[in-house]
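Those protein sequences? They're chains A and B, same order as listed.
In terms of the working numbering, the first sequence has 33 at position 33, counting the first letter as 1, and numbering is strictly consecutive.
In terms of the working numbering, the second sequence has 1033 at position 33, counting the first letter as 1, and numbering is strictly consecutive.
We treat Cβ as the ideally placed atom computed from N, Cα and C, and that holds for glycine.
Just so it is clear, the structure is predicted and the values come from calculations on it, not from any experiment.
There are 2 protein chains.
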Amino acid sequence: MATIKQIAKVAAVSIGTASNVLNGLPSVREPARKRVLQAIETLGYQPSLLGRALRKDKTNIIVMIVPDITNPFFPGLVRGAEDVAFQNDYRLVLCNSDNNYLKESAYMRQLRTYRPSGLIIVPADLSKGAEEAKAYLRSGSAVVYMDRIPSRWRGDAVTSAHEEGAYAATRYLLNLGHKRIATITGQLSGTSAAERLSGFLRAMKEANLSVAPEYIQETTFTKAGGKEKTAVLLRLRARPTAIFAANDLIAFGALTAIREEDLACPEDVSVFGFDNLDLGDVTTPALSTVDQFAYKLGAKAAQIVVNRVAGDKSPANRICIPTELKVKDSACMPRGKSRSLQKHHRR
Amino acid sequence: MATIKQIAKVAAVSIGTASNVLNGLPSVREPARKRVLQAIETLGYQPSLLGRALRKDKTNIIVMIVPDITNPFFPGLVRGAEDVAFQNDYRLVLCNSDNNYLKESAYMRQLRTYRPSGLIIVPADLSKGAEEAKAYLRSGSAVVYMDRIPSRWRGDAVTSAHEEGAYAATRYLLNLGHKRIATITGQLSGTSAAERLSGFLRAMKEANLSVAPEYIQETTFTKAGGKEKTAVLLRLRARPTAIFAANDLIAFGALTAIREEDLACPEDVSVFGFDNLDLGDVTTPALSTVDQFAYKLGAKAAQIVVNRVAGDKSPANRICIPTELKVKDSACMPRGKSRSLQKHHRR
DNA sequence: ATTTTAGAATGAATCGTTTCATTATTTTAA
DNA sequence: TTAAAATAATGAAACGATTCATTCTAAAAT
């Protein structure tokens, strides 16, 4: 591969001058600049990112760590970040932490030696401090936490409005006339799950409804978890008429469980999800859910990195992207309220 | 950040010796080795991948290019590759080409200067040669094509058995008694779409059934495309009794279109997909499909890279991962064959 | 025409490693 | 005990860029 040395030689110019042309410095006279450009063209020269990085102590790499790219919430995040990164000539190194703090740390420790421009991370364990992340800051990389934020983190962060979204979804169910509303949460050690729960509880409290403890089921953000916990809920003496699932995967599990118990959604049990996954409308019924604009989240995080590298010294961004209710078919009025109406409608 | 120079100083040893310890060379006596290890420990030293890379002209990076990570087929691929990569101490740089040859080329050209260990690519445009890929080979990176292979590529490649999978799916529909079977293909310029179509045609031919041209609808591998083309099929005078969709997204679109035409799947129209996406069983009916083991595909590709770097000089791997039929609920016997039976069954 | 000054070009140092020829030390053989 | 052989350790060069103090050149001022 051609090096700057060869360029310099071919253009009959010093290495320093070649470098100046490359970096668009003004102090190069036209004839020399032309010869260098010509040489670059004919040799098909691409500057070595490695050589440059070693000298500048910085690469155009952004390290992005997500729990698991096969969880359909994350590709949107990654894609949003990647697009903004690409436009600004940064490249994304993708890591799956499996929600495993050790794997995450291993990645972070090693990749820091690549002197990346930034780190975008959906952290595995919020109880841990952000030691390694702070090390990134110290060595001059921008750091943005996404989706979940460790309580001790005071730097840049981008999340969606978990609490408000959950509140709005619950309000929607309440307005339909539901009173027995259960929720299936993700692991409450994560802020996202905790905040969604608290939005749910706020709406319930505002409606003067108490929530029985067995109406709050904690599980993982998976289809299997949703199915399992829904089965539990459906077997309660006082079966809920609506379930607020903390994400769409859980909601998908709920739909399956409801079907397997020979019940109907939404007639017997309404379901509301969270995420607005692309595939949320292929279910029957199409899943009513809260859109949290994953792409925008990722894009915003990458933009923060870009800005920081460009010299933005403003105080920490704590960005909260508003959510939006996507009402589809998986929630309707509860039986008691609507039977006569429905029958009427049916014939 | 600590450098090898500091390690050497603290351990009272030359830089060369410190390097030898780092790389596990035998020619270091115990006391010196111990001091170096100790220094590494106390300084929390991590070798700079940049310095190392510049000298060795090679990084532990594997560049992976996929069309679009938000297409749910790809996260599995990426994850499989990432896992194998991580285990072998390689890191993945993820790129989305958007099926855009120019974007793909831009990525490839620039990232090659990072001297990656490998390139794993699902190519955007098969009609183009693999010039840039060959440049990777020349500069010592392993290259593996995935899922689709340019006709002029003679190197390592991993695909799934598109043709056979499609053949098996079509056979399944034929065995149920279907005669009017249509197919919705992906863009036929891609080998995967073309091979699936040819598997479909082989099965039809074997059954002595001719396929009307309007029974072959070409579109993109998307839900929207599937929906659109299914609507076309459903309005044909001779409406098909079964549709073989070239991937699950198309099949999802088909399910939607069928519902919107007030028809029932599988009673009126059977649908068969391809991919076995994780979410394929949240639809109603659950989608019968062909599993192509995306994770395994990705893992295999990464393994080839690992082996090549380790010195494997064997001739090109052309690996074809067998597919597997996943029969669920979206296909049944056609009306004519089964009406009496079904009625009987129903009561 | 000469001096001053501003701008252009150069070349060496540097970043953090690995590698290898050279030198130093230890071990073995005589 | 000494010489030869084997093994350890060293230090400088190299990778490909950027940076900056220095030198060179051309333009401006006298």
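Within a 10 Å sphere around the beta-carbon of N96(A) sit 16 or more other beta-carbons, which makes this residue buried. Scanning its chain for C-beta atoms nearer than 8 Å, with the 5 sequence neighbours on each side dropped, one finds around A238(A) the residues R180, A212, in chain order.
Between A106(A) and C320(A) the beta-carbon gap is near 31 Å, outside 8 Å, which marks them as no contact.
One Cα belongs to G1129(B), the other to W1153(B), and the distance between them is close to 8 Å. Following the DSSP letters along the chain, one finds L1092(B) in no alpha helix (DSSP H) but inside the beta strand (DSSP E) bounded by residues 1091-1096.
Rounded to whole angstroms, the Cβ separation of D1083(B) and F1074(B) is 15 Å, and the two are not in contact under 8 Å. Within the stretch 1058-1127 of chain B, the alpha helix (DSSP H) runs of at least 4 residues that lie entirely inside it are, in chain order, 1074-1087, 1101-1111. Per DSSP, R1148(B) lies in no alpha helix (DSSP H) and is assigned neither H nor E.
Distance check between A1081(B) and each of L1249(B), D1329(B), Q1303(B), K1326(B) places Q1303(B) closest, using alpha-carbon atoms only. Remark: C-beta atoms of L137(A) and V144(A) do not approach each other more closely than 8 Å. Under the 8 Å criterion on CB atoms, G76(A) is classed as interfacial with respect to chain B.
Closest option to P123(A), judged by alpha-carbon separation, among S151(A), A246(A), S27(A), T113(A): S151(A). Close partners of P1266(B) in chain A (Cβ separation under 9 Å) are lacking, with about 13 Å as the shortest Cβ gap. Among the bridge pairs identified by DSSP, I216(A) is matched with T183(A). The beta carbons of T283(A) and V1282(B) sit closer together than 8 Å. Exclusion of the five residues before and after S1288(B) leaves F1272, V1327, K1328, S1330, A1331 as the residues of its chain whose Cβ lies within less than 6 Å of its Cβ. Distances from the alpha-carbon of F1252(B) to those of L1111(B), D1268(B), T1241(B), T1230(B) put T1230(B) closest. The beta-carbon of T283(A) is placed less than 8 Å from the nearest beta-carbon of chain B.
The C-beta distance from T1042(B) to R1115(B) rounds to 32 Å, too long to meet the 8 Å contact threshold. Under the three-state reduction of DSSP output, T159(A) falls in the strand class. The beta carbon of A254(A) sits no closer than 8 Å to any beta carbon of chain B.
DSSP links S288(A) through a beta bridge to F272(A). Per DSSP, the continuous beta strand (DSSP E) segment holding F1244(B) begins and ends at 1242-1245. Inter-residue distance for E1131(B) and L197(A) is about 54 Å (C-alpha atoms, whole angstroms). Using a CB distance below 9 Å, the part of the stretch 104-137 of chain A facing chain B consists of A106, Y107, R109, Q110, L111, R112, T113, Y114, R115, A135, ordered along the chain. Looking only at A245(A), Y101(A), I121(A), L173(A), the smallest Cα-Cα distance to G155(A) is reached by I121(A). Assignment of beta-bridge partners to I319(A) by DSSP yields V158(A). One finds L1054, T1113 in chain B with Cβ atoms closer than 9 Å to the Cβ of G51(A), taken in chain order. Counting along the chain, the unbroken alpha helix (DSSP H) around E260(A) starts and ends at 248-260. In the structure shown, the three-state DSSP call for E1030(B) is helix. Going by C-alpha positions, G1044(B) is about 14 Å away from A1018(B). When secondary structure is reduced to three states using DSSP, L1025(B) falls in the coil class, being assigned neither helix nor strand. For the pair of segments examined, the stretch 241-248 of chain A was found to touch the stretch 170-179 of chain A: the number of CB pairs separated by less than 8 Å reaches three. DSSP, reduced to helix, strand and coil, places L236(A) outside both helices and strands of the structure shown, so it counts as coil.
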